[in-house]
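*Asks:* Same order as they appear, the protein sequences are chains E and B. When we follow my numbering, the leftmost residue of the first sequence carries the number 1, and every step to the right adds one. When we follow my numbering, the leftmost residue of the second sequence carries the number 1001, and every step to the right adds one. Cβ coordinates follow ideal geometry from the N, Cα and C atoms, glycine included. Model, not experiment: these values are computed from the prediction. My questions will all concern the structure given below.
There are 2 protein chains.
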Amino acid sequence: MTPPRTNLKQDIGEIQTQILFAALERFQQYGYGKTTMAEIAADCGMSASNLYRFFENKQDIGAALATDCLGQQRAAIEIIVNNISTNAGKRLEECILAMLHHTHHHCSRLPRLVEMVDAICEHRTDIVISHRRSIAELFEALLRQGEQSGDFTINNLSAAAEAILSATVIFDAPHFMKLHSLEEFEIIAGNLATLLVNGLQRRT
Amino acid sequence: MTPPRTNLKQDIGEIQTQILFAALERFQQYGYGKTTMAEIAADCGMSASNLYRFFENKQDIGAALATDCLGQQRAAIEIIVNNISTNAGKRLEECILAMLHHTHHHCSRLPRLVEMVDAICEHRTDIVISHRRSIAELFEALLRQGEQSGDFTINNLSAAAEAILSATVIFDAPHFMKLHSLEEFEIIAGNLATLLVNGLQRRT
DNA sequence: CTTATGAATAATCAAGAAAATATTCAGAAA
DNA sequence: TTTCTGAATATTTTCTTGATTATTCATAAG
């Protein structure tokens, strides 16, 4: 049996966080392509080669940040889903609006970051797919709550959740933000929410 | 008043069609960037400079083809909308599936064309917007029919049509085709159609 | 043994020349 | 007059090649 490690090892997670923070600043300000590993390392007071003890490569740093960015959206939606003080239909609308606002905010305020996240998602479908699954699970939880509270009557919870997820892609993909103003999008989101909520209220 | 023209002028539209046909062949096989105006012209038995009597520039040829491509989708949907032998709900599902199949077919069989259409739509938002408006009008017609036949009960026809259009973007944008297999998409489309049709049946 | 670095290597980017191509235009053919 | 073309010009792409940057690795520091 191996003896317990007595050596004080550094907290890898903490250093990764530090690196991600430094990288985020640079990526936002100068873009992914224009920031060098050496710069990120310098910001962290370490050498470039040492970065590779914490991340496989530069793209993985970008991927971690992209995951973070998508995770923030998930967190915002999760709060709405768990806020049981309003009815499920209203919360579904709020979720869709939250998606829209998250996307719109990033597109208008952090275009370089969006550009990077977009590029990384292009090559790493797994990140997109796992994010989508994660949002689908939140929707499914919301639908389940709605069913239990009598707000909804649904045949197939996960199928409905996935359908809603697909229906809201336009609010999630930066790509489409140029098609309408925020105000127009808000109206569309509202109309879609109304339609969906209505559709969830009857058994098929 | 101007006298009637007696000169036999060539049918400009016909020649434009010929040019578009030749360009389409080349673009599909070799891609937009790799085909030259000289090649297109040679295929039509004319000089490159003569092309400019029929199209402003190369990009306009691409734009015309992109418009054509989107127009074909519109035509397929229009046929479904006008086929009043089935009920409106069923036809809405068919419309969504038609969108999906059009996109999927092009992505898998004509990737170079899709790439070109995508690139052109990036710079010419007007083409996308007018196509979307045109599809929205078809949806609106379908909803109106559904309301008249008693299948649907809808507060705001055009708002609902636009919401449905937005909800189906995932089936329309080549972008997303990598997220699922055709079979998975078909199931999602069916589930979404069910949800939407259900939502159209009650007054909000 | 863990942590870290600088030097070495590999991959990518950037600038500029050369070649290919888009576009224009004066004038020929019909 | 209308239709068309070849030569001329303007743009874009391609191809080098030097420089920058990512990544690896042998080895130092603690």
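1) So, is residue 1123 (chain B) buried or exposed, given that buried needs 16 or more other C-beta atoms within 10 angstroms?
2) Are there three or more Cβ pairs, one per stretch, closer than 8 Å when the stretch 1100 to 1108 of chain B is compared with the stretch 1015 to 1028 of chain B?
3) Establish whether the CB of residue 1143 (chain B) and some CB of chain E are separated by less than 8 Å.
4) Enumerate in chain order the residues of its own chain whose CB-to-CB distance from residue 1051 (chain B) is below 7 Å, with the five nearest sequence positions on each side excluded.
5) Check each residue of the stretch 149 to 167 of chain E: if its Cβ is closer than 7 Å to any Cβ of chain B, include it; give the result in chain order.
6) Compute every distance between the C-beta of residue 1066 (chain B) and the non-hydrogen atoms of the ligand SAH, then say whether any falls below 7 Å.
7) Can you pull the chain E neighbours of residue 1125 (chain B), defined as C-beta to C-beta under 8 Å?
8) Which chain E residues sit within Cβ distance under 7 Å of residue 1175 (chain B)?
9) Using beta carbons (cut-off 8 Å, strictly below), is residue 192 (chain E) in contact with chain B?
10) Ends of the alpha helix (DSSP H) at residue 1073 (chain B)?
11) So, for residue 94 (chain E): in the same chain, excluding its five sequence neighbours on each side, which residues have a beta-carbon less than 7 Å away from its beta-carbon?
12) Using a Cβ-Cβ cut-off of 8 Å, state whether residue 198 (chain E) counts as contacting chain B.
13) Tell me whether residue 1073 (chain B) is buried or exposed, calling it buried when 16 or more other Cβ atoms sit within 10 Å of its Cβ.
14) What are the start and end residues of the alpha helix (DSSP H) that includes residue 1033 (chain B)?
15) Short of 6 Å in beta carbon distance, which residues of its chain neighbour residue 1077 (chain B), apart from the five on each side in sequence? Order them along the chain.
16) On the criterion of 16 or more Cβ atoms from any shown chain inside 10 Å, does residue 1062 (chain B) qualify as buried, or is it exposed?
17) In whole angstroms, give me the CA-to-CA distance for residue 1194 (chain B) and residue 1143 (chain B).
18) Pull up the CB-CB distance for residue 174 (chain E) and residue 107 (chain E), whole angstroms please, since I reckon it's below 8 Å.
19) Answer yes or no: do residue 136 (chain E) and residue 161 (chain E) have a C-beta to C-beta separation smaller than 8 Å?
20) Check residue 1198 (chain B) in the structure and name its three-state DSSP category.
21) Is there a Cβ of chain B sitting closer than 8 Å to that of residue 169 (chain E), yes or no?
22) What did DSSP end up calling residue 1125 (chain B) once you bin it into helix, strand or coil?
23) Let's test the definition: count the other Cβ atoms within 10 Å of the Cβ of residue 1166 (chain B) and tell me whether it reaches 16, buried, or not, exposed.
24) Please return the same chain residues whose Cβ sits closer than 8 Å to the Cβ of residue 1141 (chain B), not counting the five positions on each side in sequence.
25) Does any C-beta atom of chain E lie closer than 8 Å to the C-beta of residue 1080 (chain B)?
26) I want to see whether chain B comes within less than 8 Å of residue 100 (chain E), judged by CB atoms only; does it?
27) Could you tell me the boundaries of the alpha helix (DSSP H) in which residue 1108 (chain B) lies?
28) So, for residue 1131 (chain B): in the same chain, excluding its five sequence neighbours on each side, which residues have a beta-carbon less than 6 Å away from its beta-carbon?
29) Using a Cβ-Cβ cut-off of 8 Å (strictly less than) and excluding sequence neighbours within five positions of residue 207 (chain E), which residues of its own chain qualify?
30) State the start and end residues of the unbroken alpha helix (DSSP H) segment that holds residue 11 (chain E).
31) Identify whether residue 190 (chain E) lies in helix, strand or coil by the three-state DSSP scheme.
32) Considering only residues of the stretch 148 to 187 of chain E, which uninterrupted alpha helix (DSSP H) runs meet the minimum length of 4 residues and lie entirely inside it, listed in chain order?
33) So which of E:179, E:11 and E:164 has the shortest CA-CA distance to residue 89 (chain E)?
34) Just checking: is the beta-carbon of residue 114 (chain E) within a distance shorter than 8 Å of some beta-carbon in chain B?
35) Pull up the distance between the alpha-carbon of residue 91 (chain E) and that of residue 48 (chain E), whole angstroms please.
36) Using the beta-carbon of each residue, which ones in chain B are nearer than 8 Å to residue 92 (chain E)?
*Replies:* So, to answer that:
1) The sequence position of residue 1123 (chain B) within the second sequence is 123, counting from 1. Around the CB of residue 1123 (chain B), fewer than 16 other CB atoms lie within 10 Å, so the residue is classed as exposed.
2) no
3) To locate residue 1143 (chain B), count along the second sequence from 1; it is residue 143. It does not: the Cβ of residue 1143 (chain B) has no partner Cβ on chain E nearer than 8 Å.
4) As a first step, residue 1051 (chain B) must be located in the second sequence, where it is residue number 51. For residue 1051 (chain B), where only same-chain residues beyond five positions count, the Cβ hits under 7 Å are 1019, 1037, 1040 and 1041.
5) 159, 160, 162, 163, 166 and 167
6) The ligand SAH is absent from the structure shown, which contains no ligand whatsoever.
7) Translated into positions along the second sequence, residue 1125 (chain B) becomes position 125. Here the neighbours are 178 and 179.
8) Working through the second sequence from its first residue, we reach residue 1175 (chain B) at position 175. Those within 7 Å of residue 1175 (chain B) in chain E are 175.
9) The residue labelled residue 192 (chain E) in the question sits at position 192 within the first sequence. Yes, contact with chain B.
10) Start at 1 with the first residue of the second sequence, and residue 1073 (chain B) comes out as number 73. It spans 1058 to 1082 - the alpha helix (DSSP H) in which residue 1073 (chain B) sits, taken as one unbroken run.
11) Mapped onto the first sequence, residue 94 (chain E) falls at position 94. Cβ neighbours of residue 94 (chain E) beyond the five flanking positions: 80.
12) Along the first sequence, one-based indexing puts residue 198 (chain E) at 198. Answer yes: the Cβ-Cβ gap between residue 198 (chain E) and chain B drops below 8 Å somewhere.
13) Reading the second sequence from its first residue, position 73 is the one you call residue 1073 (chain B). Residue 1073 (chain B) is buried by the Cβ-count criterion.
14) Position 33 of the second sequence, counting from 1, holds the residue named residue 1033 (chain B). Counting along the chain, residue 1033 (chain B) falls outside any alpha helix (DSSP H), and DSSP gives it neither H nor E.
15) Translated into positions along the second sequence, residue 1077 (chain B) becomes position 77. The beta carbon of residue 1077 (chain B) sits closer than 6 Å to those of 1095, 1098 and 1138, all from its chain and outside the five residues before and after it, given in chain order.
16) Position 62 of the second sequence, counted from the start, is the residue given in the question as residue 1062 (chain B). Buried, since its Cβ has 16 or more Cβ neighbours within 10 Å.
17) On the second sequence, position 194 is the one that residue 1194 (chain B) refers to. On the second sequence, position 143 is the one that residue 1143 (chain B) refers to. Whole-angstrom Cα-Cα distance: 15 Å.
18) Within the first sequence, numbered from 1, the residue matching residue 174 (chain E) stands at position 174. Within the first sequence, numbered from 1, the residue matching residue 107 (chain E) stands at position 107. Between residue 107 (chain E) and residue 174 (chain E) the Cβ distance is about 5 Å, and since that is below 8 Å, they are a contact.
19) Position 136 of the first sequence, counted from the start, is the residue given in the question as residue 136 (chain E). Position 161 of the first sequence, counted from the start, is the residue given in the question as residue 161 (chain E). Yes. Within cutoff.
20) Here the question's residue 1198 (chain B) lines up with position 198 in the second sequence. In the structure shown, residue 1198 (chain B) sits in a helix (DSSP, three-state: H, G or I).
21) For the purposes of this step, residue 169 (chain E) is taken as the residue at position 169 of the first sequence. Cβ-Cβ to chain B under 8 Å: yes for residue 169 (chain E).
22) What you label residue 1125 (chain B) is simply residue 125 of the second sequence in a count that begins at 1. Of the three classes helix, strand and coil, the one that applies to residue 1125 (chain B) here is helix, per DSSP.
23) As a working note, residue 1166 (chain B) is residue 166 in the second sequence. Flag for residue 1166 (chain B) reads buried.
24) Taking the first residue of the second sequence as position 1, residue 1141 (chain B) is located at position 141. 1081.
25) By one-based count along the second sequence, residue 1080 (chain B) stands at place 80. By this cut-off, residue 1080 (chain B) is not an interface position.
26) Position 100 of the first sequence holds residue 100 (chain E). Taking Cβ atoms only, chain B never reaches closer than 8 Å to residue 100 (chain E), which makes this a no.
27) Position 108 of the second sequence, counting from 1, holds the residue named residue 1108 (chain B). Start and end: 1088 to 1109.
28) Position 131 of the second sequence holds residue 1131 (chain B). The residues are 1070.
29) Only positions 1 to 204 of chain E appear in this structure, which leaves residue 207 (chain E) out of reach.
30) Looking up residue 11 (chain E) in the first sequence gives position 11. Careful: residue 11 (chain E) lies outside any alpha helix (DSSP H) and carries neither H nor E.
31) Counting from 1 along the first sequence, the entry for residue 190 (chain E) is found at position 190. When secondary structure is reduced to three states using DSSP, residue 190 (chain E) falls in the helix class.
32) 157 to 167 and 169 to 172
33) Counting from one through the first sequence, the residue named residue 89 (chain E) turns up at place 89. Cα-wise, what sits closest to residue 89 (chain E) is E:164.
34) As a working note, residue 114 (chain E) is residue 114 in the first sequence. Not closer than 8 Å to any Cβ of chain B, the Cβ of residue 114 (chain E) fails to qualify, so no.
35) The residue you call residue 91 (chain E) lines up with position 91 of the first sequence. The residue you call residue 48 (chain E) lines up with position 48 of the first sequence. In a straight line, the C-alpha of residue 91 (chain E) is about 46 Å away from that of residue 48 (chain E).
36) Taking the first residue of the first sequence as 1, we reach residue 92 (chain E) at position 92. Simply none; closest approach about 12 Å.
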